[in-house]
Amino acid sequence: MPHLTANGIKIHYQQTGQGPDVVLVHAFTSNLAIWMLTGLVDRLADEYRVTTYDLRGHGVSEVPPSGYTSAEMVQDLLELHQALELGPAYLVGHSFGGVIAMHAAADHPEIVRGVIASDSYFPGLSHIEPNIADTAIWTELRQDLLKADVEIGEQVDFGSLFEIVANLTTEQTAAIKNVMGSSASRWLSQLARLAGTTAGEDIFQTAGLTEERLRSVTVPVVGLYDEETTFAATCRYLKTQLPNCRIDTVAGARHVAPLQNAPEFGRLVKHHLAEMQKELALDQ
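Positions 0 to 283 (numbering that gives the first Met the number 0) are the ones given, in order, by the sequence shown.
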C-alpha cells in the first residue's frame, strides 16, 4: 500500500488512470475504499487520473492526536498534491470531504480546477443549519446500536462515540454485528482508532473557512445534495451566494449518496466533471 509523508503525517493513497487530475476526498469516519466499492474510481479512470487517499486518522493513514480541522486537512491535501506532482485538480468531496475541498479552493485556488461537494455541512454556516446535532443518519445509527444495547446519545457527539466504540465488550461487538452486519461492524471498529484524539471536536470548527471565505471561492462548484438531505439551507445558500455554483440532486439518498445510490452518484459526478471541462476549454 503506497504511503507518503504530508504535513508530517504518513498518508495512504491510491492512483490510477490517465488524464486531467481528479482527487476524491472521503467523509469523516470513512476511508478511500468507499470510492472503489461504489465503482466511482473505475467509472472515472478511463478519462481522468484519479487520486484517492485516506484522511489523517482514517483507513491506514497515520492517527495523530490532533489536527483534524479542515485547515489542517487542506495542508495535508496540498502537500499530497505537491508530492504526487499533480496538476490543477477537480476535487470531489463527500460530506466533510466537501468542506476540505471548498477550503482548498478558498486558500489554494491555483491547485483547484473545480469542486463537487456532496451533501456537505459547513461549520462556517452553522447559523443557517441549527439542526446539525439531530441529523437523520445519527438517529438511524443510534437506533441500530440500541438494538445491541449500546447507547450513543440523541445528539451528534463523535468524541463520545469513539470512546464508546473503543470500550465495547465482546458481547456488544457480537450484538452489533448481528444487528448491523459485518461491514458496519468493521466500520465501527475502525472508529476506535480516533478515541483520545481531538477529531470529534475539530471537524466542527470553522478553522478559517468563514462565510466570507466560502463566498470568495470563484472556481466552478457543484453542490450535489441528497434528495433527503438534512442540509437544504446550506444547499440553497451555496446556489445563491457563490459566484459560480450549480446544484444537483441525488435521488433516493440521505447523506451517503455514494453508497445509497452509487450508480446515480457516479453518473452525476462524471457529468459535472465533463461540464466543468467544457467550461474550462471555452475559457482558454
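The beta carbon of each residue, even a glycine, is placed where N, CA and C say it ideally should be.
These numbers were taken from a predicted model, which means no experiment stands behind them.
Check whether residue i and residue j have beta carbons under 9 angstroms apart
{"i": "P19", "j": "R55", "result": "no"}
{"i": "L23", "j": "T4", "result": "no"}
{"i": "I110", "j": "P87", "result": "yes"}
{"i": "L213", "j": "L77", "result": "no"}
{"i": "H254", "j": "T233", "result": "no"}
{"i": "D247", "j": "V220", "result": "no"}
{"i": "G97", "j": "G265", "result": "no"}
{"i": "A252", "j": "E274", "result": "no"}
CA nearest to the CA of residue i, picked from the options
{"i": "Y224", "options": "G38, S65 and S119", "result": "S119"}
{"i": "L187", "options": "R253, Q74, S159 and E226", "result": "S159"}
{"i": "L90", "options": "H11, S117 and Y67", "result": "S117"}
{"i": "K269", "options": "H2, M0 and V21", "result": "V21"}
{"i": "R192", "options": "A100, Q142, V98 and E61", "result": "E61"}
{"i": "Q240", "options": "L267, P257, E211 and Q204", "result": "E211"}
{"i": "T196", "options": "K238, I10 and H57", "result": "H57"}
{"i": "T68", "options": "N30, R42, P122 and V40", "result": "P122"}
{"i": "L359", "options": "G180, E128 and N166", "result": "In the structure as shown, the chain starts at 0 and stops at 283, and residue 359 therefore has no counterpart that could be examined."}
{"i": "H107", "options": "V249, L83 and Q74", "result": "Q74"}
{"i": "P64", "options": "A194, E128 and W34", "result": "A194"}
{"i": "L237", "options": "E128, P257 and L79", "result": "E128"}
Distance, residue j Cα to residue i Cα
{"i": "V164", "j": "I131", "result": "22 angstroms"}
{"i": "V216", "j": "I151", "result": "37 angstroms"}
{"i": "C244", "j": "G92", "result": "15 angstroms"}
{"i": "T15", "j": "A44", "result": "6 angstroms"}
{"i": "I8", "j": "V59", "result": "11 angstroms"}
{"i": "T209", "j": "H126", "result": "11 angstroms"}
{"i": "L36", "j": "E278", "result": "30 angstroms"}
{"i": "N6", "j": "A32", "result": "22 angstroms"}
{"i": "Q142", "j": "S182", "result": "17 angstroms"}
{"i": "P242", "j": "Q81", "result": "28 angstroms"}
{"i": "M0", "j": "Q259", "result": "28 angstroms"}
{"i": "G199", "j": "F157", "result": "5 angstroms"}
{"i": "E153", "j": "L145", "result": "11 angstroms"}
{"i": "Q276", "j": "N30", "result": "27 angstroms"}
{"i": "Q13", "j": "D41", "result": "12 angstroms"}
{"i": "A280", "j": "D53", "result": "31 angstroms"}
{"i": "H25", "j": "P262", "result": "17 angstroms"}
{"i": "A100", "j": "N166", "result": "33 angstroms"}
{"i": "L85", "j": "M72", "result": "17 angstroms"}
{"i": "G66", "j": "S184", "result": "26 angstroms"}
Anticipated Cβ contact below 8 angstroms, residue i with residue j, distance rounded
{"i": "L190", "j": "F161", "result": "5 angstroms"}
{"i": "V155", "j": "T134", "result": "6 angstroms"}
{"i": "L267", "j": "V249", "result": "6 angstroms"}
Beta carbon proximity, residue i to chain D, threshold 9 angstroms
{"i": "V216", "result": "Chain labels in this structure do not include chain D; a single protein chain is all it has."}
Residues of its chain near residue i, where Cβ-Cβ distance is below 7 angstroms and the 5 sequence neighbours each way are ignored
{"i": "A147", "result": "Q171, A174, I175 and V178"}
{"i": "A70", "result": "H102, A206 and G207"}
{"i": "E46", "result": "G18"}
{"i": "W137", "result": "V155"}
Residues near residue i in its chain [Cβ-Cβ closer than 6 angstroms; skip 5 each side]
{"i": "F27", "result": "F95 and I202"}
{"i": "A104", "result": "V111, V114, V216 and V218"}
Other residues of its chain near residue i: CB distance less than 8 angstroms, five sequence neighbours each side excluded
{"i": "H11", "result": "M0, P1, H2, L31, Y52, D53, G58, V59 and S60"}
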